[in-house]
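Novice:
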Amino acid sequence: MRVAVKICGITSAESADAAVGAGADFAGLVFFPASPRYLKAEQAASLAARLRGRSRIVALLADARDEEIAAAVQAARPDFLQLHGRETPERVAAIKARFTIPVIKSIAVAEAADLACVPAYEKVADMLLFDAKAPMSAVRPGGHGAAFDWQLLRGRKVSLPWLLAGGLDAGNVARAIRAADAPGVDVSSGVETAPGVKAPQLIRDFIAAARQAEFVKEVRE
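Quick note: the sequence shown uses this note's numbering, first residue 1402, plus one each step.
In structure tokens:
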């Protein structure tokens, strides 16, 4: 089965073109002001126009108010909203009902107990994303380049499509896919030379490595 790949935190036309050219299924635009990958409305609109029809556009927000979500939707006209904060299942359902856009809900993971919330989010989201839990001192919930124990997800029955994130790069993504038996992966800092600065060759290398893991998995089965 094809492994889905999401390149998150795109901030330039060059990185957008690299992601699309290498076959990224999803392209993430960040609307969380504390992130070094944050985009103003005009930047997001320009990149979204470049990506539209070539990759599915994901607008990433964290604990955003309705007016902030509305501004992101107006700027990017995304295919998905990614909720990367502490949104409750009830808040996810309310956002989805108001904006009628499919929702990816991120779940922060450090230990097995952090997965207890999965059934509640399965009922309201369209896709899940499992990311490493941010350090206590962090000002943003993701994009730190940290990993968690991928095998916590291996063999787990999840009723929705899902992506694995956290500390991934071209050197470890194949191992991560096999360890978690992940149907999809998400990367941001792992394809950067500095926070918020994507490197086209790193994007291409990451996607190629993910596709190779897909091939190896199919051969093994």
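Every residue gets a Cβ at the ideal spot worked out from N, C-alpha and C, and that includes glycine.
Please list, in chain order, all residues of the same chain as residue 1547 whose beta carbon is under 7 angstroms from its beta carbon, the five residues on each side excluded.
Specialist: 1533, 1567, 1568
Novice: Starting from residue 1586, trace the beta strand (DSSP E) in both directions and tell me its first and last residue.
Specialist: 1585-1588
Novice: In whole angstroms, give me the CA-to-CA distance for residue 1456 and residue 1414.
Specialist: 13 angstroms
Novice: Thinking residue 1433 and residue 1452 are a contact (beta carbons under 8 angstroms), I'd like their distance in whole angstroms, please.
Specialist: Taking a contact as a CB-CB distance under 8 angstroms, the pair residue 1433 and residue 1452 does not count as one, their CB atoms being some 19 angstroms apart.
Novice: Since residue 1529 contacts residue 1506 with CB under 8 angstroms, what's their CB separation in whole angstroms?
Specialist: 6 angstroms
Novice: Please name the residue, chosen from 1445, 1464, 1613, 1578, that lies closest to residue 1495 on a Cα-to-Cα basis.
Specialist: 1464
Novice: Going by DSSP in three states, residue 1558 sits in which element: helix, strand or coil?
Specialist: Residue 1558 sits in coil when the DSSP states are folded into three classes, being neither helix nor strand.
Novice: If you count every other CB in all the chains shown that lies within 10 Å of the CB of residue 1438, and 16 or more means buried, which is it?
Specialist: buried
Novice: I need the straight-line Cα distance from residue 1573 to residue 1613, nearest angstrom please.
Specialist: 12 angstroms
Novice: Output needed for residue 1610: all residues of its chain with C-beta closer than 6 angstroms, excluding positions within five of it in sequence on either side, in chain order.
Specialist: The residues are 1571, 1574, 1575.
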